[in-house]
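Residue numbers (our numbering): 100 to 473.
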């Protein structure tokens with residue numbers, strides 16, 4: 100929750116920040132819609148910490164007044180207690196006056212030291228900040244407690260040409276070997292850091308393994324070449340535009356055409372239409388919260404069979420319930436395994452607003468999966 104949510108902007112002259120007193124009073128009874136008590140507690144703690152430090156030092160950037168700070172302290176206590184934490188013990192209640200911070204520091208030999216006043220605020224609010232940070236970390240960890248089982252070993256992705264053929268070389272160590280068409284795909288085997296697979300790490304890996312083409316533009320071009328449909332290319336272009344923005348280098352890498360599983364026996368047995376209902380994923384994101392996010396772009400071949408061309412050469416499709424059933428069954432299996440799946444219809448990605456649609460989707464997705472900060 101941002102601090103600005105507690106204020107209006109004021110008149111821009113005498114009052115730069117006007118506290119929403121009604122909102123602050125309501126926090127004593129519960130958080131506002133769309134927020135949790137933890138969100139509110141962190142924001143109020145930041146507000147009180149920053150304002151008391153400001154008052155005790157240079158006085159700049161203070162948002163609260165002598166009257167409103169007392170209201171915020173009361174709301175803060177109520178929220179902290181709802182989280183089953185010990186509220187801070189305040190030896191003062193305002194900035195000025197007999198029960199103010201100024202009187203307190205003068206009575207306790209802090210008049211000549213900004214550091215002493217900052218240390219005083221830290222002593223009061225520091226334990227609360229630490230407790231809230233621990234709660235935030237516990238909440239963060241719980242978000243991926245039920246994620247995919249097992250450890251990351253490798254990624255086989257971005258086949259540009261004939262599909263690779265693989266065998267299980269060592270069943271004990273689960274080592275996969277590409278026995279045919281290895282040159283058409285990329286294989287990432289570097290350790291996966293806690294923050295997921297970022298574009299920075301992907302480019303570093305590319306530079307290390309492809310010294311003749313060691314630059315970010317060539318790496319992006321190689322990934323793009325593995326896409327064989329216009330809707331998939333739109334998804335890739337829209338996401339990759341974020342890499343040029345501030346902080347973009349540390350966004351999760353959007354990995355195209357990732358081989359999820361491979362079963363040549365099933366393919367040759369004739370029991371299914373392909374190697375498996377889903378041999379590879381259109382896109383994969385390995386997010387900072389350890390989520391594995393699958394993005395699929397569904398063309399008509401995912402749920403229909405082509406009919407013979409009509410007298411004008413146009414091809415229509417007939418819906419095939421079996422194809423749809425195979426697709427959603429595989430979705431269920433992946434979700435139960437801990438993956439997060441999002442689907443786009445190929446048709447919607449050919450419409451005029453498609454670029455904005457994809458951009459808005461990634462904005463919400465990345466916000467959901469970033470590591471929360473105190």
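All residues carry an ideal CB built from backbone N, CA and C; glycine is no exception. Remember, it's a predicted structure, so these values are computed and weren't measured experimentally.
Three or more C-beta pairs closer than 8 Å, one from the stretch 311 to 322 and one from the stretch 202 to 221: is that the case here? The stretch 311 to 322 vs the stretch 202 to 221: no contact.
Start-end ranges of the beta strand (DSSP E) lying completely within the stretch 280 to 358, minimum 3 residues: Segments of the beta strand (DSSP E) lying fully in the stretch 280 to 358: 285 to 287, 354 to 358.
So, helix, strand or coil for residue 397, using DSSP? Working through the chain shown from its first residue, we reach residue 397 at position 298. In the structure shown, residue 397 adopts extended strand secondary structure according to DSSP, grouped into three states.
Beta-ladder partner(s) of residue 199, from DSSP: Mapped onto the chain shown, residue 199 falls at position 100. Note: residue 199 sits in a beta bridge opposite 193.
With burial defined as no fewer than 16 other Cβ atoms inside 10 Å of the residue's Cβ, what is the status of residue 150: buried or exposed? For the purposes of this step, residue 150 is identified with residue 51 of the chain shown, where counting begins at 1. Under the 10 Å beta carbon count, residue 150 is surrounded by 16 or more other beta carbons and is classified as buried.
Contact belief for residue 386 with residue 351 at Cβ below 8 Å, rounded distance in angstroms: Translated into positions along the chain shown, residue 386 becomes position 287. Translated into positions along the chain shown, residue 351 becomes position 252. Their Cβ separation, rounded to whole angstroms, is 5 Å, which keeps residue 386 and residue 351 in contact under 8 Å.
In this structure, what does DSSP give as the bridge partners for residue 417? As a first step, residue 417 is located in the chain shown; it is residue number 318 there, counting from the start. Paired residues: 404.
Ends of the beta strand (DSSP E) at residue 381? Counted from its first residue, the chain shown places residue 381 at position 282. For residue 381, the uninterrupted beta strand (DSSP E) run begins and ends at 379 to 385, by DSSP.
For residue 325 and residue 451, what's the separation of their Cα atoms in angstroms? Here residue 325 corresponds to residue number 226 of the chain shown, with the count starting at 1. Here residue 451 corresponds to residue number 352 of the chain shown, with the count starting at 1. Taking the straight line from one Cα to the other gives about 24 Å.
Whole angstroms is fine: what's the gap from residue 41's alpha carbon to residue 421's? Residue 41 lies beyond the residue range present for the chain, which begins at 100 and ends at 473; the question has no answer from this structure.
Quick one: what does DSSP say residue 261 is sitting in, helix, strand or coil? For the purposes of this step, residue 261 is taken as residue 162 along the chain shown, with counting starting at 1. In the structure shown, residue 261 sits in coil (DSSP, three-state: anything other than H, G, I, E or B).
Report the three-state DSSP secondary structure of residue 129 (helix, strand or coil). By 1-based counting over the chain shown, the position of residue 129 is 30. DSSP places residue 129 in coil when its eight states are reduced to three.
In angstroms with no decimal places, state the Cα-to-Cα distance between residue 186 and residue 232. Within the chain shown, the letter at position 87 stands for residue 186. Within the chain shown, the letter at position 133 stands for residue 232. If you take the alpha carbons of residue 186 and residue 232, they lie about 15 Å apart.
Mapping DSSP to helix, strand and coil, what is residue 251? For the purposes of this step, residue 251 is taken as the residue at position 152 of the chain shown. Residue 251 sits in coil when the DSSP states are folded into three classes, being neither helix nor strand.
Short Cβ contact (7 Å threshold) for residue 437 with residue 418: Your numbering for residue 437 matches position 338 in the chain shown. Your numbering for residue 418 matches position 319 in the chain shown. It is not a contact, given that the beta carbons lie outside the stated cut-off.
Between which residues of its own chain and residue 299 is the CB-CB distance below 6 Å, once the five residues before and five after are set aside? Sequence index remark: in the chain shown, residue 299 carries index 200 (1-based). The residues are 348, 349.
For the beta strand (DSSP E) containing residue 105, name the first residue and the last one. Locating residue 105 in the chain shown gives position 6, counting from the first residue. Going by DSSP, residue 105 is part of no beta strand (DSSP E) at all; its letter is neither H nor E.
Taking residue 444 as the reference, give the member of 291, 329, 132, 356 with the closest Cα. Position 345 of the chain shown, counted from the first residue, corresponds to residue 444. Residue 329 holds the alpha-carbon nearest to the alpha-carbon of residue 444 among 291, 329, 132, 356.
Of the residues 196, 428, 123, 165, which one's Cα is nearest the Cα of residue 178? Start at 1 with the first residue of the chain shown, and residue 178 comes out as number 79. Measuring C-alpha to C-alpha distances from residue 178 to each of 196, 428, 123, 165 identifies 123 as the nearest.
Hey, out of 388, 389, 426, whose CA is closest to residue 400's CA? In the chain shown, counting from the first residue as 1, residue 400 sits at position 301. It is 426.
Grouping DSSP H, G and I as helix and E and B as strand, with all else coil, what is residue 163? In the chain shown, the residue the question calls residue 163 occupies position 64. Shown here, residue 163 sits in coil according to DSSP, grouped into three states, outside any helix or strand.
First through last residue of the alpha helix (DSSP H) which encompasses residue 438: Position 339 of the chain shown, counting from 1, holds the residue named residue 438. Going by DSSP, residue 438 is part of no alpha helix (DSSP H) at all; its letter is neither H nor E.
Beta bridge counterpart(s) of residue 184 as assigned by DSSP: By one-based count along the chain shown, residue 184 stands at place 85. Answer is none; residue 184 lacks a bridge partner.
Where the alpha helix (DSSP H) containing residue 140 begins and where it ends: The sequence position of residue 140 within the chain shown is 41, counting from 1. That run of the alpha helix (DSSP H) goes 136 to 155.
Report buried or exposed for residue 305, applying the criterion of at least 16 other Cβ atoms within 10 angstroms of its Cβ. Counted from its first residue, the chain shown places residue 305 at position 206. Residue 305 is buried by the Cβ-count criterion.
Within 10 angstroms of the Cβ of residue 128, are there 16 or more other Cβ atoms? Answer buried if so, exposed if not. For the purposes of this step, residue 128 is taken as the residue at position 29 of the chain shown. Looking at its Cβ environment, which holds fewer than 16 other Cβ atoms inside 10 Å, residue 128 is exposed.
Which of helix, strand or coil does DSSP assign to residue 545? Residue 545 falls outside the range modelled here, since the chain spans only 100 to 473, and no answer is possible.
From residue 430 to residue 307, what does the alpha carbon distance come to, in whole angstroms? By 1-based counting over the chain shown, the position of residue 430 is 331. By 1-based counting over the chain shown, the position of residue 307 is 208. Residue 430 and residue 307: Cα-Cα distance of roughly 35 Å.
Beta carbon of residue 148, beta carbon of residue 200: below 7 Å? If you number the chain shown from 1, residue 148 lands on position 49. If you number the chain shown from 1, residue 200 lands on position 101. Contact flag unset, no.
Coil, strand or helix - residue 389 by DSSP: By 1-based counting over the chain shown, the position of residue 389 is 290. It is coil, neither helix nor strand.
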